[in-house]
Amino acid sequence: MKNKFLLFFIIVFLAAIQGSGMAVFRHSPDLLLISVIAATVIFGFMNVWGWVVVAGIVCDLLFFHTIGANVIILVLVAYGTSFFSRRFHMEKLELGVLSVILLISIAAIFFHVLMGLADSRYVFSHILRFF
Numbered sequence: 002m003k004n005k006f007l008l009f010f011i012i013v014f015l016a017a018i019q020g021s022g023m024a025v026f027r028h029s030p031d032l033l034l035i036s037v038i039a040a041t042v043i044f045g046f047m048n049v050w051g052w053v054v055v056a057g058i059v060c061d062l063l064f065f066h067t068i069g070a071n072v073i074i075l076v077l078v079a080y081g082t083s084f085f086s087r088r089f090h091m092e093k094l095e096l097g098v099l100s101v102i103l104l105i106s107i108a109a110i111f112f113h114v115l116m117g118l119a120d121s122r123y124v125f126s127h128i129l130r131f132f
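This is the structure in structure tokens:
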């Protein structure tokens, strides 16, 4: 029970730092995105997905985004991270660091593109009309 409260506190703390404290520097790092990727690589998707949903809800509530947008995107990023981390052995020291940096970079681009689509509701709904 203490671990659950501690994990929830860490998620809220990272989201608060990402949203307020680091915004002074114009470009704040995606602390929750990096922590989701790290936790997924270390523990696997099945052990982390519940906390990824909690992190997405906390992000949506603190950053005033559409409820569920961060949840869906963070779950997709965690699943993609799990998929690629099983294909490429991230544990090897030689290429592990470079592959994690590449994975974080690709996930950040994917995250920001999808968040841009989710924030501009008109464009996103216009795209969905074609399907």
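Take any residue in the sequence shown, note its place counting from 1, add 1, and you have its number in the numbering used here. Heads up, the beta-carbon is just placed ideally off N, CA and C, and yes, glycines get one too. Bear in mind the structure is a predicted one, so any value in this text is a computation, not a measurement.
I'd like the span of the alpha helix (DSSP H) that includes S21, first residue to last. As a first step, residue 21 must be located in the sequence shown, where it is residue number 20. Note, S21: premise wrong, no alpha helix (DSSP H); not H, not E.
Do the segment 47-54 and the segment 73-88 touch if we need at least three Cβ pairs shorter than 8 Å? yes
Residue burial classification, I1 (beta-carbon count within 10 angstroms, cutoff 16): Residue 1 lies beyond the stretch modelled for the chain, which goes from 2 to 132, so this question has no answer here.
Could you pull out every residue in the same chain whose Cβ sits closer than 6 Å to the Cβ of G57, ignoring the five residues on either side in sequence? For this step, residue 57 is matched to residue 56 along the sequence shown. Only N71, V72, L75 meet the Cβ criterion.
Is the beta carbon of L63 less than 8 Å from the beta carbon of G20? For the purposes of this step, residue 63 is taken as the residue at position 62 of the sequence shown. For the purposes of this step, residue 20 is taken as the residue at position 19 of the sequence shown. Closer than 8 Å, so yes.
From V119 to F46, what does the alpha carbon distance come to, in whole angstroms? By 1-based counting over the sequence shown, the position of residue 119 is 118. By 1-based counting over the sequence shown, the position of residue 46 is 45. Position check: residue 119 holds Ala in this sequence, whereas Val was assumed. Cα to Cα, A119 sits roughly 24 Å from F46.
Take the Cβ of V37 as the centre, count every other Cβ of all protein chains shown within 10 Å, and call the residue buried at 16 or more, exposed below. Walking along the sequence shown from the start, residue 37 turns up at place 36. The residue in question, V37, is buried, as its Cβ has 16 or more Cβ neighbours within 10 Å.
Could you tell me the alpha carbon to alpha carbon distance between L15 and D31, rounded to whole angstroms? Within the sequence shown, residue 15 is the residue found at index 14, counting from 1. Within the sequence shown, residue 31 is the residue found at index 30, counting from 1. The straight-line gap from Cα to Cα measures roughly 9 Å.
For I12 and I105, which I take to be in contact (beta-carbon distance under 8 Å), what is that distance rounded to the nearest angstrom? Counting from 1 along the sequence shown, the entry for residue 12 is found at position 11. Counting from 1 along the sequence shown, the entry for residue 105 is found at position 104. About 18 Å; that fails the 8 Å criterion.
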